[in-house]
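Student:
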Amino acid sequence: MSRLLEVRNLRVTAGPLAVVRGIDIDLDEGETLGLIGESGSGKTVACLSLLRLLPDGLRTEADVLIYKDRDIASLPEREFRPLRGRELAMVFQDPVGSFNPAKRIGWHLRTAIARAGHDGPWRERALELLDGVGIPQPAAVLERYPHQLSGGMLQRALIAMIVALKPSLIVADEPTTNLDNIVEEQILALFRDLQKRLAAGFIFITHDIGVAAQIADRIAVMYAGQIVETGPTADILAAPRHPYTRGLIATANALAARAETLAEIPGQLPALDALPPGCGFAPRCAQARPACAQPQPMRPVGPGHAMRCLLDA
Amino acid sequence: MAASRRAAVLLLTVLAGAMVVFFAMKAAPGDPALSALGENARPELVAAFRRLHNLDLPVGEQFATWISGALRGDFGRSLTLAGGVPVGQLIAGRLPVTAFIGLYALILAGVISMIVGTVAALSRGTALDTLMTSFAVLGVSMPDFWLGYVLVFFLALNLPIFPSYGFVSPSDSLPGALLSGFLPALAIAAPMAAVFSRVLRAALLEVMHRPYVQVQRSLGLSSSFVFLHTIFRNALIPYVTIIGLQVRYLLGGVVVIERVFGIPGIGSLMVDGAFGRDYPVIQACALTFLVIVLGTNLLVDLLCARLDPKARGR
Numbered sequence: 001m002s003r004l005l006e007v008r009n010l011r012v013t014a015g016p017l018a019v020v021r022g023i024d025i026d027l028d029e030g031e032t033l034g035l036i037g038e039s040g041s042g043k044t045v046a047c048l049s050l051l052r053l054l055p056d057g058l059r060t061e062a063d064v065l066i067y068k069d070r071d072i073a074s075l076p077e078r079e080f081r082p083l084r085g086r087e088l089a090m091v092f093q094d095p096v097g098s099f100n101p102a103k104r105i106g107w108h109l110r111t112a113i114a115r116a117g118h119d120g121p122w123r124e125r126a127l128e129l130l131d132g133v134g135i136p137q138p139a140a141v142l143e144r145y146p147h148q149l150s151g152g153m154l155q156r157a158l159i160a161m162i163v164a165l166k167p168s169l170i171v172a173d174e175p176t177t178n179l180d181n182i183v184e185e186q187i188l189a190l191f192r193d194l195q196k197r198l199a200a201g202f203i204f205i206t207h208d209i210g211v212a213a214q215i216a217d218r219i220a221v222m223y224a225g226q227i228v229e230t231g232p233t234a235d236i237l238a239a240p241r242h243p244y245t246r247g248l249i250a251t252a253n254a255l256a257a258r259a260e261t262l263a264e265i266p267g268q269l270p271a272l273d274a275l276p277p278g279c280g281f282a283p284r285c286a287q288a289r290p291a292c293a294q295p296q297p298m299r300p301v302g303p304g305h306a307m308r309c310l311l312d313a
Numbered sequence: 001m002a003a004s005r006r007a008a009v010l011l012l013t014v015l016a017g018a019m020v021v022f023f024a025m026k027a028a029p030g031d032p033a034l035s036a037l038g039e040n041a042r043p044e045l046v047a048a049f050r051r052l053h054n055l056d057l058p059v060g061e062q063f064a065t066w067i068s069g070a071l072r073g074d075f076g077r078s079l080t081l082a083g084g085v086p087v088g089q090l091i092a093g094r095l096p097v098t099a100f101i102g103l104y105a106l107i108l109a110g111v112i113s114m115i116v117g118t119v120a121a122l123s124r125g126t127a128l129d130t131l132m133t134s135f136a137v138l139g140v141s142m143p144d145f146w147l148g149y150v151l152v153f154f155l156a157l158n159l160p161i162f163p164s165y166g167f168v169s170p171s172d173s174l175p176g177a178l179l180s181g182f183l184p185a186l187a188i189a190a191p192m193a194a195v196f197s198r199v200l201r202a203a204l205l206e207v208m209h210r211p212y213v214q215v216q217r218s219l220g221l222s223s224s225f226v227f228l229h230t231i232f233r234n235a236l237i238p239y240v241t242i243i244g245l246q247v248r249y250l251l252g253g254v255v256v257i258e259r260v261f262g263i264p265g266i267g268s269l270m271v272d273g274a275f276g277r278d279y280p281v282i283q284a285c286a287l288t289f290l291v292i293v294l295g296t297n298l299l300v301d302l303l304c305a306r307l308d309p310k311a312r313g314r
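Quick note, the sequences are listed as chains A and B, same order.
Counting with UniProt numbering, you get residues 1 to 313 for the letters of the first sequence.
Counting with UniProt numbering, you get residues 1 to 314 for the letters of the second sequence.
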């Protein structure tokens, strides 16, 4: 399989504040990376920066930003714009907010189909796309306005638009967070189906390690703007090494087992203007030691498995 | 709201408004007969005048007579104008002039505010935005009658294209009407354009930060497409709503500006009527304005429902 995306030392800053502090991402065609972390860890900002969708005031820098053997960091906006949608696409957290409220679903599909350069009648293609993402009665749905559909239906419709564009890299930013459990399962099933149907690479952002376990080939755990552990999904789940990852998995297991006392990680994310000089997690870590005050490099701990911690290294 | 219910509400509002207009006039001090005939008129003449204009009837009956006539288009006769001209005829003659000036002002305000509001929003935070916003503040703070005189002073008296006084009726010459109506329409439009621009600017900026705009950009749609079909399209909803709310100020402006520029419209008819205590004329003018405001509000409601699917009856 060929390399789709290679990112080295991606940084996003807001003035003096560092939101993303040097992350590396490697993604192959057909591969899914689960990007895990709590709200505020920088995972959404990192992905928005890949599509250059950050609001003004946030600056992106990277040592290496290569997509399909092309250095996309140096592209001017007018050459980068055509890549959006057709090459790199994104599914967002809030399906209801993702649609122009003044336009029907049909308009949205027609716009995406036109953007894909499709010849011939758009309607047939739209019906086919909606059917492909499991929307019942697609002809009626085309006539609906966004506020007349449920979040799950809208998320499917947005995915149908992205399927129309056939991008090679799809970022999904917590696409099931705002949906109820049953719909979440259906949307995850749809993503697994897409993984088979499209020859695309996926970056699946989630705060739920259980979701990542279902969908990702590899997992990267983000904390305070850095990736603190990355490795194959099975390894991370079976043998998490970083104390933060261990905490996350213990919490998830306790939730799954409906334990009486929840294994919670004490404390909270450091504020952006008060990041500790060394390991970002050290203030919350039970195993912290004086050496943690030094910046920690990624250390290999197994095949394809690395972490940013000096424990057992 | 169902159309029939809306029509019923509209009719009731017109009736209630007509009552307010009528009884407010009745409560005003002064005797119309004496002001028409003079303080020293002979008593039998005053009595005849009162009979002729139904002023001898009880107030309730006077209202019933007036409103039933008004519904048939008969607004009574003028108390002051020579020969007691039927008021309906006066209104019919002057309505096109006022409608022309009002519509002209509304279109000018719309065009100006679309340009100013859009430019300000797109250049947010720059000197251009500050300039546009300052003009808007200036526009809001200038009274229209004052602006009318300023425009006459600076434009009409220095440039030979615009007449400083008088008006060519649109039925005589449309270019003449557009030219002679430009300054008065601009004087009425400027304060409205200022309000509209600010609303449009704020609405555009608000919509620009909505998640669906980011989604459309993520699909690689061009910024002009996203602006036109999504940002501008959604900002139109508050914009059109505010235009509907401002129509009554537009009519206030019309009354004053018609006077300033000597335009023979409903506004100046109403002012003349007020000076002469010509109650039938004032009442008919007020009722006409009321119907125009209600009609415009209805139009704006319907337009908003077309623009905003969420506001549409389900």
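Just so you know, even glycine gets a beta-carbon here, dropped at the ideal spot from N, CA and C.
So A/R86 contacts chain B; which residues on that side make the cut at Cβ distance below 7 angstroms?
Tutor: Translated into positions along the first sequence, residue 86 of chain A becomes position 86. By Cβ distance, chain B contributes G220.
Student: Please report whether the beta-carbon of B/V300 lies at a distance below 7 angstroms from any beta-carbon of chain A.
Tutor: Position 300 of the second sequence holds residue 300 of chain B. By this cut-off, B/V300 is not an interface position.
Student: Starting from B/A286, follow the alpha helix (DSSP H) in both directions and report where the run begins and ends.
Tutor: The sequence position of residue 286 of chain B within the second sequence is 286, counting from 1. Element bounds for B/A286: Y279 to L307.
Student: When we look at the beta-carbon of B/G30 and count the other beta-carbons within 10 Å, is it buried (16 or more) or exposed?
Tutor: Here the question's residue 30 of chain B lines up with position 30 in the second sequence. Burial call: exposed.
Student: Can you tell which of A/V228, A/P303 and A/A238 has its C-alpha closest to the C-alpha of A/C309?
Tutor: One-based indexing of the first sequence puts residue 309 of chain A at position 309. Of A/V228, A/P303 and A/A238, the residue nearest in Cα terms is A/V228.
Student: For A/D94, return the contacting residues in chain B, with the cut-off set at a CB-CB distance below 8 angstroms.
Tutor: Walking along the first sequence from the start, residue 94 of chain A turns up at place 94. Chain B residues near A/D94: P211.
Student: How would you label B/A190, buried or exposed, when you count the other beta carbons within 10 angstroms and need 16 or more for buried?
Tutor: Mapped onto the second sequence, residue 190 of chain B falls at position 190. With 16 or more Cβ atoms within 10 Å of its Cβ, B/A190 is classed as buried.
Student: Does the count of Cβ pairs from the stretch 210-222 of chain B and the stretch 92-107 of chain A closer than 8 angstroms reach three?
Tutor: Output reads yes: the stretch 92-107 of chain A touches the stretch 210-222 of chain B.
Student: Name the residue from A/S168, A/E38, A/S74 and A/I182 whose alpha carbon lies nearest to the alpha carbon of A/L27.
Tutor: Counting from 1 along the first sequence, the entry for residue 27 of chain A is found at position 27. When each option's Cα is compared against that of A/L27, the closest is A/S168.
Student: Measuring CA to CA, which of B/S4, B/A305, B/G276 and B/G166 is closest to B/V97?
Tutor: Here residue 97 of chain B is taken as the residue at index 97 of the second sequence, counted from 1. Comparing Cα-Cα distances from B/V97 to each of B/S4, B/A305, B/G276 and B/G166, the minimum goes to B/G166.
Student: Please report how far the alpha carbon of A/G134 lies from the alpha carbon of A/L127, in whole angstroms.
Tutor: Counting from 1 along the first sequence, the entry for residue 134 of chain A is found at position 134. Counting from 1 along the first sequence, the entry for residue 127 of chain A is found at position 127. Taking the straight line from one Cα to the other gives about 11 angstroms.
Student: Less than 8 angstroms between C-beta atoms, sequence neighbours within five positions excluded: which residues of the same chain meet that for B/L269?
Tutor: Residue numbering aside, residue 269 of chain B sits at position 269 when the second sequence is read from its first letter. Same-chain partners within the cutoff: L90, I91, R94, V281 and C285.
Student: Please name the residue, chosen from A/G280, A/K166 and A/V64, that lies closest to A/A199 on a Cα-to-Cα basis.
Tutor: Stepping through the first sequence from its first residue, residue 199 of chain A is reached at position 199. Ranking the options by Cα distance to A/A199, first place goes to A/K166.
Student: Against chain B, does A/V20 count as a neighbour if the rule is that its beta carbon must be under 7 angstroms from one of theirs?
Tutor: On the first sequence, residue 20 of chain A is found 20 positions in, with the first residue counted as 1. Chain B, which has no Cβ nearer than 7 angstroms to the Cβ of A/V20, makes this no.
Student: Nearest to B/A99 by alpha carbon, out of B/G253, B/L52 and B/V207?
Tutor: The residue labelled residue 99 of chain B in the question sits at position 99 within the second sequence. The option with the nearest alpha carbon to B/A99 is B/G253.
Student: My guess is that A/I159 and A/T176 are in contact by the Cβ rule of under 8 angstroms, so how many angstroms apart are they, rounded?
Tutor: For the purposes of this step, residue 159 of chain A is taken as the residue at position 159 of the first sequence. For the purposes of this step, residue 176 of chain A is taken as the residue at position 176 of the first sequence. Contact flag wrong, Cβ pair sits at about 11 angstroms.
Student: Quick check: the Cα distance between residue 316 of chain B and B/F153, rounded to an integer number of angstroms?
Tutor: Shown here, chain B extends from 1 to 314; a query on residue 316 of chain B therefore has no answer.
Student: Given that A/R81 touches chain B, what residues does it touch there, using C-beta distances under 8 angstroms?
Tutor: To locate residue 81 of chain A, count along the first sequence from 1; it is residue 81. Per Cβ cutoff of 8 angstroms: G220 and S222.
Student: Could you name the residues of the same chain whose beta carbon sits closer than 6 angstroms to that of B/R277, not counting the 5 residues immediately before and after it, in chain order?
Tutor: Taking the second sequence and counting its residues from 1, one reaches residue 277 of chain B at position 277. Around B/R277: G30, P32 and S35.
Student: Are A/L10 and A/A73 closer than 7 angstroms when you measure CB to CB?
Tutor: Reading the first sequence from its first residue, position 10 is the one you call residue 10 of chain A. Reading the first sequence from its first residue, position 73 is the one you call residue 73 of chain A. Taking 7 angstroms as the Cβ cut-off, A/L10 and A/A73 do not qualify as a contacting pair.
Student: Would you mind stating whether B/I237 and B/L307 have Cβ atoms separated by less than 7 angstroms?
Tutor: Indexing the second sequence from 1 puts residue 237 of chain B at position 237. Indexing the second sequence from 1 puts residue 307 of chain B at position 307. Yes, they are a contact pair.
Student: Flag this pair as yes or no: are the beta carbons of A/T32 and A/F202 separated by less than 7 angstroms?
Tutor: Numbered from its first residue, the first sequence carries residue 32 of chain A at position 32. Numbered from its first residue, the first sequence carries residue 202 of chain A at position 202. Yes, they are a contact pair.
Student: Excluding the 5 residues flanking B/L186 on each side, which residues of the same chain have their C-beta closer than 7 angstroms to its C-beta?
Tutor: Walking along the second sequence from the start, residue 186 of chain B turns up at place 186. Cβ neighbours of B/L186 beyond the five flanking positions: L108 and L151.
Student: Give the list of continuous alpha helix (DSSP H) stretches no shorter than 4 residues that lie fully inside the stretch 105-172 of chain B.
Tutor: List check, alpha helix (DSSP H) in window: 127-141 and 144-151.
Student: When you compare the CB of A/S150 with every CB in chain B, is at least one pair closer than 7 angstroms?
Tutor: Mapped onto the first sequence, residue 150 of chain A falls at position 150. Answer no: the Cβ-Cβ gap between A/S150 and chain B never drops below 7 angstroms.
Student: How big is the Cα-Cα spacing for B/P184 and B/V168?
Tutor: Numbered from its first residue, the second sequence carries residue 184 of chain B at position 184. Numbered from its first residue, the second sequence carries residue 168 of chain B at position 168. Approximately 12 angstroms between the Cα atoms of the pair.
Student: What does the Cβ neighbour count give for A/H147, buried or exposed, with the cut at 16 atoms within 10 Å?
Tutor: Residue mapping note: residue 147 of chain A aligns to position 147 of the first sequence, counting from 1. Answer is exposed; the Cβ neighbour count stays below 16.
Student: Quick one: what's got a C-beta closer than 6 angstroms to B/V271's C-beta in the same chain, skipping five residues either side?
Tutor: Counted from its first residue, the second sequence places residue 271 of chain B at position 271. The answer, listed in chain order, is R259.
Student: Output, in sequence order along the chain, the residues in the stretch 278-309 of chain B whose CB is closer than 8 angstroms to any CB in chain A.
Tutor: The residues in question are L307, D308 and P309.
Student: For A/A102, decide whether its Cβ has a neighbour in chain B, counting only Cβ atoms nearer than 7 angstroms.
Tutor: Stepping through the first sequence from its first residue, residue 102 of chain A is reached at position 102. Yes, A/A102 lies at the interface with chain B (some Cβ there is under 7 angstroms from its Cβ).
Student: Can you give, in chain order, each stretch of the beta strand (DSSP E) that sits fully within the stretch 6-37 of chain A and has at least 3 residues?
Tutor: Runs of the beta strand (DSSP E) inside the stretch 6-37 of chain A: 17-28 and 32-36.
Student: According to DSSP, is A/F204 helix, strand or coil?
Tutor: If you number the first sequence from 1, residue 204 of chain A lands on position 204. The answer is strand: DSSP assigns A/F204 an E or B state.
Student: If distances are taken between C-alpha atoms only, which option among A/S150, A/E143, A/A114 and A/D193 comes closest to A/M161?
Tutor: Looking up residue 161 of chain A in the first sequence gives position 161. Considering only alpha carbons, the answer is A/A114.
Student: Does the Cβ-Cβ distance between B/L219 and A/G85 come in under 7 angstroms?
Tutor: Within the second sequence, residue 219 of chain B is the residue found at index 219, counting from 1. Within the first sequence, residue 85 of chain A is the residue found at index 85, counting from 1. It is a contact, given that the beta carbons lie within the stated cut-off.
Student: Start and end of the alpha helix (DSSP H) containing B/V247?
Tutor: The residue given as residue 247 of chain B occupies position 247 in the second sequence. That run of the alpha helix (DSSP H) goes R233 to F261.
Student: Determine the burial state of A/T60: buried for a count of at least 16 other Cβ atoms within 10 Å of its Cβ, exposed for fewer.
Tutor: Along the first sequence, one-based indexing puts residue 60 of chain A at 60. A/T60 should be labelled buried.
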